[in-house]
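Colleague:
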Ligand code: AIR
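Residue numbers (the working numbering): 167 to 599.
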């Protein structure tokens with residue numbers, strides 16, 4: 167009887183084949199067809215499921231990371247929907263459907279999620295209740311809201327590491343910044359330490375080195391951690407990609423080279439110029455971290471190499487990351503293509519380098535706010551192996567990430583020299599200053 171019903175209604179049902187199961191189940195007449203779909207789901211990993219099809223990938227956040235991800239969705243002809251608060255979001259020009267809205271608003275995120283088949287993120291500040299409800303209703307949300315909950319809050323992120331025996335710098339958790347003074351007075355905290363707001367800090371916001379009590383003045387009175395300051399030899403990062411089916415791959419270790427005075431990352435260098443045993447240690451810690459989260463998608467693991475060559479996890483980002491931008495030109499599979507492969511449960515690509523890669527961030531120069539100008543960009547284009555990426559943000563402000571430049575070369579020492587020329591030549595300024 168059910169089969170007869172199915173046969174009789176097949177023609178009528180055809181237009182619904184690309185709907186997800188949950189949509190079809192809503193319609194009483196189609197219950198039997200939904201059952202058949204459940205047994206043999208059409209949308210999961212069958213040939214040509216995602217490519218040139220009605221499948222929709224949803225991306226929460228429409229900034230530069232999303233824009234670079236869209237290069238690869240276009241390469242594969244995968245249909246995309248993007249939600250971002252800004253009318254001028256860099257993704258707007260490259261996605262199939264753009265929605266303007268608040269990523270922290272429950273209804274906005276929930277209603278957006280209902281339009282897509284798989285949901286991913288390119289920024290962590292997302293309404294988690296909405297993501298959780300979507301996941302509970304059967305939507306594939308990668309990374310999972312559970313993982314995001316741990317990561318969104320720096321205190322719970324650090325507790326996760328200690329609970330899973332993942333090495334990290336010692337820390338104390340405070341409900342409010344105002345409680346820190348007491349801890350200093352009673353000897354529970356010693357200078358120097360690093361104050362980190364538990365939530366909403368990004369690109370260096372919400373982090374301050376505290377060397378004396380007066381450094382606490384002006385800090386937001388919020389939930390925070392005080393972390394022991396690690397005099398590290400190197401800051402390293404490893405990007406790990408993991409599929410729902412468990413396949414896992416790591417990119418080579420990258421090294422962040424800091425400006426000696428400004429204490430700002432100047433160059434991301436791949437491969438890191440470190441001992442092979444240290445590199446392996448960093449890779450092992452990164453893989454362990456991704457497994458502990460049962461992560462799906464990319465996980466960028468930022469680490470310190472201490473003076474004693476210990477590896478400590480500093481923080482993680484569950485998405486494509488600045489430390490992986492070099493991979494667009496230097497790797498066999500870019501981090502963005504890999505993120506797509508991972509969240510769609512497709513075979514992961516090779517992560518090794520074709521040549522050495524160095525990345526220089528293009529951030530807004532201090533004292534410049536307004537319409538952006540990339541001064542001397544033509545000069546750097548004439549250098550060997552140099553590719554600028556311009557994010558498409560019309561307005562610059564001091565330290566805003568406006569673009570980056572990748573330098574590739576078979577010889578890492580040559581690449582490093584060219585990177586320095588790039589850094590000293592191109593400037594992100596505004597027309598109004
Ligand atoms: N981003 C997300 N987390 C960290 C970073 N850097 C990227 C995302 C996001 C964009 O920065 O691509 O959409 C926001 O940049 P801005 O300059 O508008 O704050």
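Every residue, glycine too, gets a C-beta built ideally from N, C-alpha and C.
Please read these numbers as outputs of a predicted model, since none were measured by experiment.
Between the Cα of residue 319 and the Cα atoms of 421, 475 and 484, which residue gives the shortest distance?
Modeller: If we check each option's Cα against that of residue 319, 484 comes out closest.
Colleague: Once you ignore the five residues that flank residue 371 on each side, which residues in its own chain have a CB closer than 6 Å to its CB?
Modeller: Within the same chain, residue 371 has no close Cβ partners at all.
Colleague: Quick one: Cα of residue 597 to Cα of residue 563, how far?
Modeller: One C-alpha to the other measures close to 12 Å.
Colleague: Hey, how far is the Cα of residue 357 from the Cα of residue 397?
Modeller: Between residue 357 and residue 397, the C-alpha separation is close to 13 Å.
Colleague: Just to check my reading of the structure: residue 506 and residue 415 have Cβ atoms closer than 8 Å, yes? What is that Cβ distance to the nearest angstrom?
Modeller: Not quite, the Cβ-Cβ distance comes to about 14 Å (not below 8 Å), so this is no contact.
Colleague: Give me the Cα-Cα distance between residue 585 and residue 351, rounded to the nearest whole angstrom.
Modeller: Answer to the nearest angstrom: the Cα atoms are 47 Å apart.
Colleague: Under 7 Å from any heavy atom of ligand 1, does the C-beta of residue 289 make it?
Modeller: Indeed, a heavy atom of ligand 1 lies less than 7 Å from the Cβ.
Colleague: So, do the segment 470–478 and the segment 486–499 have three or more beta carbon pairs nearer to each other than 8 Å?
Modeller: At 8 Å Cβ cutoff, the stretches do not touch.
Colleague: Please confirm whether residue 394 and residue 336 have their CB atoms less than 8 Å apart.
Modeller: Closer than 8 Å, so yes.
Colleague: For residue 383, tell me which candidate among 374, 389 and 391 has the shortest Cα-Cα distance.
Modeller: Comparing Cα-Cα distances from residue 383 to each of 374, 389 and 391, the minimum goes to 374.
Colleague: Under the criterion of a Cβ to heavy atom distance below 7 Å, does residue 567 qualify as lining ligand 1?
Modeller: Checking every heavy atom of ligand 1 against the Cβ of residue 567, one is found closer than 7 Å.
Colleague: Which whole-angstrom value describes the C-beta separation of residue 308 and residue 462, a residue pair presumed to lie in contact below a C-beta threshold of 8 Å?
Modeller: Confirmed, Cβ separation roughly 4 Å.
Colleague: Indicate, with yes or no, if ligand 1 has a heavy atom lying under 7 Å from the CB of residue 237.
Modeller: For ligand 1, not one heavy atom lies less than 7 Å from the Cβ of residue 237.
Colleague: Find out if the Cβ-Cβ distance for the pair residue 455, residue 479 is shorter than 8 Å.
Modeller: Yes; because the gap between Cβ atoms is below 8 Å, this pair is in contact.
Colleague: What is the residue span of the alpha helix (DSSP H) that residue 548 lies within?
Modeller: From DSSP, residue 548 is part of no alpha helix (DSSP H); its letter is neither H nor E.
Colleague: Out of 567, 547, 560 and 575, which has the shortest C-alpha to C-alpha gap to residue 588?
Modeller: Closest option to residue 588, Cα to Cα, is 547.
Colleague: Distance, Cα to Cα, residue 254 vs residue 593?
Modeller: Roughly 22 Å between the two C-alpha positions.
Colleague: By Cβ distance, which residues of its chain are closer than 8 Å to residue 327, with the 5 residues on each side in sequence left out?
Modeller: Only 333, 334, 455 and 479 meet the Cβ criterion.
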